[in-house]
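S.K.: For reference, the structure I am asking about is given below.
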Amino acid sequence: MKVAIAVILAIFVAGCGGPNLSVSVRAGSPAVAAAVAPKALVAGTGIELSRVRVVVRKVELEKMGTSEMDEVASGPYLLDLSGASLDGSVAKVLDASFVPGSYSEIRFELHKPDSGEPGANAALKDMIDAQASVIADGTIDGAAFTFTTAVTAEQRFDGIIDLKDGSNLTLNVDASTWFTSGGSRLDPRSEANRSQIENNIQNSFRAFKDDDHDGHEDA
């Protein structure tokens, strides 16, 4: 299945050649297998998402035994997920040179793009115009809505990870959790729900080693 994903082509590669690390993205609940999830993400009673756009500014790794972060990729990168790419499939976003070894932390930065920064091109125009780090399009009880937020988050994922040449990291975006709370739905059209929705967005990301590209953390 071909996965539709728009990625900013201003990919930063630290050096030329050498060991390669790929970074991929996956949408949906970690428990849902690819080609099983529906083409629209169910995100609460009566809420379905047809398109999710997220801007990731950079990817960093912390080497075991140190407190220094190695920046392996610098964006901004636009993750544009719709149609088939909402079915739990894994799509590669970028390749970057890095130093193989044991790492204790993966860090992704979620941040709205600025028009003047390197890599801010036409593919990011909607995000720049909206001053948004996340835009979610969908329907609630059949009525169309768009939820836009400039929420900023530095996502950290701790745990010993052994990375080698050809390893892959997958960033899972579980947008099915964005518009729910305690079993009840959060109407994205209500400003009273914005704070909780933004908190849900910040907590919906997970990164892990996924060398077989199956969307699940390697044992």
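Take the sequence shown: its position 143, counting from 1, is numbered 282 in my numbering, and each next residue is one higher. Virtual Cβ for every residue (Gly too), placed ideally from N, Cα, C. Predicted model, so just to flag it, every value in this text is computed and none were measured.
1. Would alanine 361 be called buried (16 or more neighbouring beta carbons within 10 Å of its own) or exposed?
2. Beta carbon of serine 163, beta carbon of valine 232: below 8 Å?
3. Taking just the CA atoms, how far does asparagine 311 sit from leucine 218?
4. Return the CA-CA distance between leucine 325 and arginine 295, expressed in angstroms with no decimal places.
5. Counting pairs of Cβ atoms below 8 Å between the segment 189-208 and the segment 244-256, do you hit three or more?
6. Contact defined as beta carbons within less than 8 Å: I believe alanine 346 pairs with tryptophan 317. What is the distance between those atoms, to the nearest angstrom?
7. How far does the beta strand (DSSP E) with glutamine 294 in it reach, from first residue to last?
8. Would lysine 251 be called buried (16 or more neighbouring beta carbons within 10 Å of its own) or exposed?
9. Only counting runs of 4 or more residues, tell me where the alpha helix (DSSP H) segments fall wholly within the segment 211-295, in order along the chain.
10. Which residues in the same chain as glutamate 210 place their Cβ atom closer than 7 Å to its Cβ, once the five residues preceding and following it in sequence are excluded?
11. Would you kindly report the start and end of the unbroken alpha helix (DSSP H) that includes serine 306?
12. Nearest CA to the CA of serine 343: which residue from Gln335, Asp350 and Ser161?
13. Express the C-alpha separation of threonine 278 and threonine 285 in angstroms, rounding to a whole number.
14. Take the Cβ of threonine 288 as the centre, count every other Cβ of all protein chains shown within 10 Å, and call the residue buried at 16 or more, exposed below.
15. Which residue comes first and which comes last in the beta strand (DSSP E) that contains serine 161?
16. For glycine 157, which of Ser213, Val195, Thr184 and Asp234 has the nearest alpha-carbon?
17. Considering only residues of the same chain and omitting the five flanking positions on each side of threonine 291, which have a CB-CB separation below 6 Å?
18. Roughly how many angstroms separate the alpha carbons of valine 142 and alanine 283, rounded to a whole number?
19. In this structure, does DSSP put glutamate 330 in helix, strand or coil?
20. Beta-carbon separation of leucine 351 and threonine 309 under 8 Å?
21. Going along the chain, which residues of its own chain have a beta-carbon closer than 7 Å to the beta-carbon of isoleucine 186, five neighbours each way excluded?
M.R.: On the basis of the supplied data:
1. Since the first and last residues shown for the chain are 140 and 358, residue 361 lies out of range.
2. Counted from its first residue, the sequence shown places residue 163 at position 24. Counted from its first residue, the sequence shown places residue 232 at position 93. It is a contact, given that the beta carbons lie within the stated cut-off.
3. The sequence position of residue 218 within the sequence shown is 79, counting from 1. The sequence position of residue 311 within the sequence shown is 172, counting from 1. Their backbone Cα atoms lie some 11 Å apart in a straight line.
4. Within the sequence shown, the letter at position 186 stands for residue 325. Within the sequence shown, the letter at position 156 stands for residue 295. Their Cα atoms are separated by approximately 26 Å.
5. yes
6. Stepping through the sequence shown from its first residue, residue 346 is reached at position 207. Stepping through the sequence shown from its first residue, residue 317 is reached at position 178. 18 Å between Cβ atoms; not a contact.
7. Taking the sequence shown and counting its residues from 1, one reaches residue 294 at position 155. From DSSP, the beta strand (DSSP E) with glutamine 294 extends over 292-302.
8. Here residue 251 refers to the residue found at position 112 when the sequence shown is read from its first residue. Looking at its Cβ environment, which holds 16 or more other Cβ atoms inside 10 Å, lysine 251 is buried.
9. Counting whole runs of 4 or more residues, the segment 211-295 contains the alpha helix (DSSP H) stretches 264-269.
10. Along the sequence shown, one-based indexing puts residue 210 at 71. Answer for glutamate 210: Lys197 and Glu199, listed in chain order.
11. By one-based count along the sequence shown, residue 306 stands at place 167. Unbroken run through serine 306: none, as it is neither H nor E.
12. Translated into positions along the sequence shown, residue 343 becomes position 204. When each option's Cα is compared against that of serine 343, the closest is Gln335.
13. Translated into the one-based positions of the sequence shown, residue 285 becomes position 146. Translated into the one-based positions of the sequence shown, residue 278 becomes position 139. Roughly 8 Å between the two C-alpha positions.
14. Working through the sequence shown from its first residue, we reach residue 288 at position 149. Its Cβ being crowded by 16 or more others within 10 Å, threonine 288 is buried.
15. Here residue 161 corresponds to residue number 22 of the sequence shown, with the count starting at 1. That run of the beta strand (DSSP E) goes 159-166.
16. The sequence position of residue 157 within the sequence shown is 18, counting from 1. Among Ser213, Val195, Thr184 and Asp234, the Cα nearest to that of glycine 157 is on Asp234.
17. Along the sequence shown, read from residue 1 onward, the residue named residue 291 stands at position 152. Counting only Cβ-Cβ distances below 6 Å, and skipping sequence neighbours, we find His250.
18. Start at 1 with the first residue of the sequence shown, and residue 142 comes out as number 3. Start at 1 with the first residue of the sequence shown, and residue 283 comes out as number 144. No answer about valine 142 holds up, because its pLDDT of 38 lies below 50 and its placement is not dependable.
19. In the sequence shown, the residue the question calls residue 330 occupies position 191. Here glutamate 330 sits in helix by DSSP.
20. Indexing the sequence shown from 1 puts residue 351 at position 212. Indexing the sequence shown from 1 puts residue 309 at position 170. According to the sequence displayed, residue 351 carries aspartate and not leucine. Not closer than 8 Å, so no.
21. What you label residue 186 is simply residue 47 of the sequence shown in a count that begins at 1. The answer, listed in chain order, is Gly277, Ile279, Phe318 and Arg324.
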